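Protein chains in written order, with the working numbering: chain A, 1 to 514; chain B, 1001 to 1514. Glycine included, C-beta positions come from ideal geometry on N, C-alpha and C. These figures come from a predicted structure and were not determined experimentally.
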């Protein structure tokens, strides 16, 4: 099983040892998924009445998605939850910026968001795969969703200084792959592998797959696109194709496979109006009065009969604690949970990630490029350009001018907001031309590694080792949650699944306690 | 250039002679698209004031999309247009059915539409490609659009009695194609075709494309899907892969390439709330008072100084006429335009096409199959199943239970509405199981070949021959329009482009008239 998805490579052990190593590691650790096969059952009030128990008091550190989901699920059974959040707002990395917002940055200038009415920028998560639990929460919480276009044949691929439409790159690559395999098949190279019947079936597929001519040649295809699309006439197909050598040299193949993975496959989804609709709905369900913002924990003490949490100017005692913070943030808070916990928390490494939102006065990508949503893939430091999957045909709009991680993110993060914008525009111009620098109304950029109390876009585990398994279980009365404790790192779904796991464990414990 | 798209095969000369023949034919006929390269300039009132001319009176036969667009564009310059429509409503094949509507059928029972609030069924066109002029009209007319999911990795492919997810079919086919080509490349079979460097680049692509193992074997992939998707754990991948022989025998390859064509590529779009938003907006712009419904023309007379159109109980004289009817309908109306015109009108052959809308009391395809929009491809007579790309997570919803053409459409068309439904449910059950026949609230089916004054889903030209070119030009003062006169047959964009062409010709003539 070769679990190579782009995201997997970015965020997982894959970066170090290849995804195969990850799965091997999992098996060796006894983390076979069968043991988690059971569907989640939310706690409910009747669980207590049946067993003659009472719900407990829980302090939740961090009001990100994981902390909020934990509070929401525990709240269904009447648990008395308090969320302590160091930042000014709940939501954590689920952050949607709008006009009037102010984005602070650790050791950097703050940015005033000046977007016009109705324009928003999902600075954190921006898309949801349909199989993810995030969709279930959208349904349960009544959050309207709409399609997020993650794959667009009309978007561009920019590699080695060349720009082509994704449809063109794909048609040429598939055309040549089909031609090469069809011809060696025809020449008998597969005679010992495949029966004649199977060869015929294969050839039938390859003809369709590559849009091959009668002699199994790839001579171009209308799939590549047109300089003028058909109307009354047949249209004017693009010149081409390029030679196989040029197609290979352009290195566009990487982009073609972007949506093959189970996490990036078409279609994907987004909440209407901004990803923080999820945060807002959870906050409403949990109760805003249960969330205390601006509270920076300075000690976690596990006690015989509870947990005490202290901060500058206050403290709180509860029966249990859910620590829903990033591991590298949590590791810096003094506690009495033992050195092994600290070591485990220090194991996953934060990864830099950043995005810029560019608000334009006109939607030139729709008007001139006929790009409605989707992603342009590049080998530039901006990595991707996202076009909006909503507000089609509006007067203005926002595109994501870079979505970079690791070194590229650090490069942008180290710049001032003005220089980030300047660089992003210079890079984007290589693809879209001078119009990319025109009609820019405003911009906001985020460097997650520079966000206070967050300190990274996500984490990378050098190994999903014993630290990973250790933190799946409580240390005394303290539970740990977050996307970083799952195999859905960098997805909200991970935060949610982790919260569900902790909630299930905590609730079972309360029900079984003497 | 091998212009093989599925739609092209369905509707064009491709069915007879291969698409290559079509392009050759075009070239031979002097229809090189360069001559139509000029963008459309709508007529405007100032055209007349500058030239000292006056606009003219135009009678338009048929208030389908083509007739409406012609009236709309001519109206911009003050032309006095009257539309005569034989049916009870404007819109033609752009037909959206809702609760309370009644669908009549020639020589068949009528159907009362019983859909619940907010449920609709696009009985005619259902999707728009982003490059099409239809998008421009949506923008110009202020019609909100949303993504239409035309490709869904979670939808199914059903062939030869087997059902697999599209993602699984694709992963296996790509995996084996990559493995086969990688291994023959590795074995030196391409040494005379490709340099070693190019072979390395090709292998790099194939590894990604097929998710191959280190020894270039395809051993399955997480891209195939999971019985349990990753969460805290790594998930449980689907068993597999199937053998190459089984994959080839399943014949799933045809479905994989469905969205490769320029007309079906991801993403596609639809008006919010139903395709007839386009009709409604055009009717409003044109003025409902200019449209006379229930008018069945029985003669068209081209005169020295105008055109006279008569019907049972009335007649109308205008300076020009735009005949925006299907050719097979127009051919049956007596006229004095000459035998050559009649012969030309009889050349394109109407094609049967039908759809059924199945309204369900619960969206089981989302709840249980995690299918949010998209199309399941089958080798059954239902051909396709469409899942809705809107109303996600609503309580009820409508899926298109068949979208068939040619023989399959005729098969369904010949049944009673009740039998169409029964048959569609029986077929769909082969894919989705017994739940497909449960919770059905209501259904409506259309057989376009049985719709009065329309008589087909679209037409097929045996050849884009001299009849096609003849009808691009007026016969006397009568102009012809419709998708059938374009290379966008069966697309609204064809109707619109054709209308624009006639409007341009007519307006030039009026401006140049003495």
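A Cβ of chain B is located within less than 8 angstroms of the beta carbon of residue 373 of chain A. For residue 157 of chain A, no Cβ of chain B is located within less than 8 angstroms of the residue's own Cβ.
Distance between residue 460 of chain A and residue 409 of chain A, taken at the CA atoms: about 15 angstroms. Contact annotation: in the segment 482-511 of chain A, residues whose CB is within less than 8 angstroms of a CB in chain B are 485, 486, 487, 488, 493, 494, 497, 498 and 501.
Within the segment 454-472 of chain A, the residues whose Cβ lies closer than 9 angstroms to any Cβ of chain B are, in chain order, 464 and 472. With a beta-carbon spacing of about 30 angstroms, residue 351 of chain A and residue 1267 of chain B fall beyond the 8 angstroms limit used to define contacts. Here residue 1252 of chain B is not near residue 1182 of chain B, since their CB atoms are 8 angstroms or more apart. For residue 130 of chain A, the residues of chain B that pass the 7 angstroms Cβ criterion are 1154, 1370 and 1372, in the order they occur in the chain. Under the DSSP assignment, residue 507 of chain A falls in the alpha helix (DSSP H) whose first and last residues are 492-512.
Secondary structure of residue 186 of chain A (DSSP, three-state): helix.
Shortest Cα-Cα distance from residue 1316 of chain B to any of B:1275, B:1296 and B:1331 involves B:1296. Here DSSP, grouped into helix, strand and coil, assigns residue 1209 of chain B to helix.
Scanning the segment 1318-1358 of chain B from its first residue to its last, the whole alpha helix (DSSP H) runs of 4-plus residues come out as 1327-1330 and 1339-1346. Here residue 231 of chain A is buried, its C-beta having at least 16 other C-beta atoms within 10 Å.
Non-local beta-carbon contacts of residue 477 of chain A in its own chain, meaning distances under 8 angstroms to residues more than five positions away in sequence, involve 302, 303, 306, 307, 319, 320 and 321 in chain order. The continuous alpha helix (DSSP H) containing residue 1466 of chain B extends over residues 1466-1470.
Take residue 56 of chain A, set aside five residues on each side of it, and the residues of its chain with a beta-carbon closer than 7 angstroms to its own are 79, 319, 320 and 510, in chain order. Here the alpha carbon of residue 90 of chain A sits roughly 42 angstroms from the alpha carbon of residue 1137 of chain B. Under the 10 Å beta carbon count, residue 1279 of chain B is surrounded by 16 or more other beta carbons and is classified as buried. Of all alpha-carbon atoms in B:1205, B:1179 and B:1126, the one lying nearest the alpha-carbon of residue 1389 of chain B is that of B:1126. Per DSSP, residue 1259 of chain B lies in no alpha helix (DSSP H) segment and is marked neither H nor E. Taking C-beta atoms under 8 angstroms as the contact rule, residue 1102 of chain B and residue 1452 of chain B fail to qualify, at a distance of about 13 angstroms. Within the segment 263-287 of chain A, 265, 266, 267 and 269 place their CB atoms closer than 8 angstroms to a CB of chain B, listed in sequence order. Contact between residue 1413 of chain B and residue 1449 of chain B holds: their C-beta atoms lie close to 6 angstroms from each other, under 8 angstroms.
Residue contact with chain A for residue 1101 of chain B: absent (no Cβ-Cβ distance below 8 angstroms to any residue of chain A). Assignment of residue 1392 of chain B by DSSP, reduced to helix, strand and coil, places it in the coil class. The segment 429-442 of chain A makes contact with the segment 349-369 of chain A: 3 or more CB pairs, one atom from each, lie closer than 8 angstroms. For the segment 387-409 of chain A, the residues whose beta carbon sits under 9 angstroms from a beta carbon of chain B are, in order, 389, 390, 392 and 393. Put simply, of A:241, A:349 and A:233 the residue whose alpha carbon is nearest the alpha carbon of residue 454 of chain A is A:349. At a beta-carbon threshold of 7 angstroms, the residues of chain A lying near residue 1189 of chain B are 184 and 189, ordered along the chain.
A distance below 8 angstroms separates the beta carbons of residue 1043 of chain B and residue 1073 of chain B.
Here residue 1368 of chain B carries a coil assignment [DSSP, helix/strand/coil].
Using a Cβ distance threshold of 8 angstroms, residue 1378 of chain B and residue 1158 of chain B count as a contacting pair.
For a Cβ distance threshold of 9 angstroms, residue set 372, 392 and 393 of chain A lies close to residue 1145 of chain B, ordered along the chain. The contact set of residue 1192 of chain B on chain A, defined by CB atoms closer than 9 angstroms, is empty, because the minimum CB distance reaches about 11 angstroms.
DSSP links residue 1063 of chain B through a beta bridge to no other residue.
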